[in-house]
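In what follows, a structure is listed as structure tokens, so that the remarks can point back to it.
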Amino acid sequence: MKHKPLFIFVSLLVLASMVLAACKPAVKPVVERAYEEIAYSEPLALEAPSCDYGGKIKSIKALDEFTVEFSMCKPDPAFLAKAAFTPFGIYPREWLESYANTEGKETLLSHPVGTGPFYLESWNRGDSVVFKRFDGYYGDKSPYETLIFKWATEGAARLLELQAGTVDQITNLSPDDFDTVKGDANLTFLPVANPNILYLAMTNTFAPFDNLKVRQAIAMGIDRQRIVDNFYPEGSEVASHFTPCSIPNGCQGESWYEFDPEGAKALLAEAGFPDGFETAIYYRDVFRGYLPEPGLVAVEFQTQLRDNLGIEAEVVVMESGEFIDESTNGRLDGFYLLGWGADYPHVTNFLDFHFGATNPQFGDPFPEIYEVLEEASQIGDAEQAGALYVQANNAIKELVPMVPIAHGASASAALATIENAHFRPFGAPLFNLVDPGKDTFVFMQNAEPISLYCADETDGESLAPCQQVNEGLFEYAFDSGDVEPRLATGCTANADSTVWTCTLREGVYFHDGTKFDANDVVVSWTAGIDASSPYHIGNTGSWEYYSYLWDGLMNVQE
1 MKHKPLFIFV SLLVLASMVL AACKPAVKPV VERAYEEIAY SEPLALEAPS
51 CDYGGKIKSI KALDEFTVEF SMCKPDPAFL AKAAFTPFGI YPREWLESYA
101 NTEGKETLLS HPVGTGPFYL ESWNRGDSVV FKRFDGYYGD KSPYETLIFK
151 WATEGAARLL ELQAGTVDQI TNLSPDDFDT VKGDANLTFL PVANPNILYL
201 AMTNTFAPFD NLKVRQAIAM GIDRQRIVDN FYPEGSEVAS HFTPCSIPNG
251 CQGESWYEFD PEGAKALLAE AGFPDGFETA IYYRDVFRGY LPEPGLVAVE
301 FQTQLRDNLG IEAEVVVMES GEFIDESTNG RLDGFYLLGW GADYPHVTNF
351 LDFHFGATNP QFGDPFPEIY EVLEEASQIG DAEQAGALYV QANNAIKELV
401 PMVPIAHGAS ASAALATIEN AHFRPFGAPL FNLVDPGKDT FVFMQNAEPI
451 SLYCADETDG ESLAPCQQVN EGLFEYAFDS GDVEPRLATG CTANADSTVW
501 TCTLREGVYF HDGTKFDAND VVVSWTAGID ASSPYHIGNT GSWEYYSYLW
551 DGLMNVQE
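Okay, so the sequence shown: first residue is 1 according to my numbering, each after it adds one.
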């Protein structure tokens, strides 16, 4: 009997432990965190000093634990389509506060934490990225445990891996392999409906590309049909406009210049270059739906420039990350081959990103283009905005910031045993919806990710793995460009689309066990849009999508 008090004490401890366990979320943290979760108390907010900074976002406010309000300086009918894009994914506030700094940058770029159906287990540099199923996911859980991303530059190498069964799905089939896959009963051919563009770019802050007649001569001196005929699969087409015609208002205005080598030579002579000039053609050796066999296509441009215009251009291949950084910041002093696959189904995705006032990619931006685009982007009715897109596309043709070349047809492929193998029109596959009939699914893409913090990335090989980990307020539908709720259950706009109020999904947890709330949204967006934020730490430092899709960053220091 003398042990009874001890027995009662132990029993009470056990009972207390059971009660505490019952009160905890039914989500086991799968990522060890080096910080304490911050309980939701005071709602956070970000507000621009004024709208004079030129951007669209005026403020982002947590109204309560599960409501966020976005106020705009000017109407933005495409807000939801943009918000569904991967760079606007949501991270835990605590994670950003811990790692969005100089000391934590390696963790920031390499070990993302999100709410998605998979969490990152390891990034084995040079070999693979390994994800595990997040059993605490609120949505459709993956039927298999392990997702692996691998990569191979050559299309033929990817197909050999698929045929050998060492991978389950590959991206970007080489055009020459379309019929091979279609004729193989062990494989599934997956057409990719993503609108895209390949363009030959120039930067007008470097001579001789600062001369309009030089740029117009180049526009007329490239046989674009020959490029499509020789290097692109069936279904591809010569670009009549920068934006594919499948996008509303994409093909308003005049079609591009016809191939006219004699006229091009005459213009080049008028510009002071009767014998051409010497320059370079830069590219990265990464297969894209808009650029199959990049090395061969680069040599074709080299040949045409020499034969048609007398321009001698050295072909220079660059490392992918360096190429993206140098080209998109307008630092390449020659031609370069780059392209674009649609991120969301709106003409602003093509035109506003590339020709906006704050984009240095092609050199000094043209007000004849960006002023019209800014006006058009505030009009929700596509038909009403059509006349403005006529003006914008005609100005692009006249001023030739670049030469649109081709809209490429592309395809992916998978083993026939994979159920629900797919490739979305917008975004990477939703791999939690795929069933390989085994514990592991292996996906092979073109190249290794540059980083896995995609708030400050534009590279497709980075965005695809990020989409497995991080989610935004909305996402693009499995089989269309429709926008569907994800971390938000819905967003409503006022009459002129200047205020968007979003209700958030409750009961959602991040991979590290922290609870999702409105402050996570505010801090995630603040890290991207506010240049003065201590969390404005990324990989490139450009924050291109935050800058271009919202017309500029807040608090930029001159």
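Positions of the beta carbon are idealized from the N, C-alpha and C atoms, including for glycine.
- Between the beta-carbon of residue 316 and that of residue 281 there is about 7 Å, and that keeps the pair under the 8 Å contact cut.
- With contacts defined by Cβ atoms closer than 8 Å, residue 463 and residue 487 do not form a contacting pair.
- By a beta-carbon distance limit of 8 Å, residue 55 does not contact residue 197. Their separation comes to about 25 Å.
- Secondary structure note for residue 354: its alpha helix (DSSP H) is the uninterrupted segment 347–355.
- Restricting attention to alpha helix (DSSP H) runs no shorter than 4 residues, the segment 403–470 encloses them at 460–469, ordered along the chain.
- Inclusion of residue 362 and residue 402 in the CB contact set at 8 Å is warranted, their separation being smaller than that value.
- Rounded to whole angstroms, the Cβ separation of residue 389 and residue 292 is 29 Å, and the two are not in contact under 8 Å.
- Contact between the segment 155–171 and the segment 404–416 is established, with three or more Cβ pairs separated by less than 8 Å.
- For residue 375, the enclosing alpha helix (DSSP H) starts and ends at 367–376.
- Secondary structure of residue 123 (DSSP, three-state): strand.
- Between residue 130 and residue 247, the C-beta gap is not smaller than 8 Å, which leaves the two residues out of contact.
- Counting along the chain, residue 521 sits inside the alpha helix (DSSP H) bounded by residues 518–529.
- Residue pairing by DSSP puts residue 71 in a beta bridge opposite 59, 499.
- DSSP lists 67 as the beta-bridge partner residues of residue 64.
- A direct Cα-Cα distance of roughly 20 Å separates residue 228 from residue 217.
- Shown here, residue 196 sits in a strand according to DSSP, grouped into three states.
- Judged by beta-carbon spacing, residue 542 lies beyond the 8 Å limit of residue 75, meaning their Cβ atoms are not closer than that value.
- Under DSSP, residue 328 shares a beta bridge with no residue.
- Looking from the CA of residue 31, the closest CA among 59, 118, 202, 52 belongs to 118.
- Here residue 423 is not near residue 431, since their CB atoms are 8 Å or more apart.
- With distances taken between CA atoms, residue 250 lies nearest to 392 out of 275, 319, 132, 392.
- Counting C-beta pairs closer than 8 Å gives fewer than three between the segment 153–165 and the segment 453–460, which falls short of the contact rule.
- Within its own chain, the residues whose Cβ lies closer than 8 Å to the Cβ of residue 420, once the five positions on either side in sequence are excluded, are 433, 434, 435, listed in chain order.
- Looking at 146, 411, 310, 329, the one whose alpha-carbon comes closest to that of residue 236 is 411.
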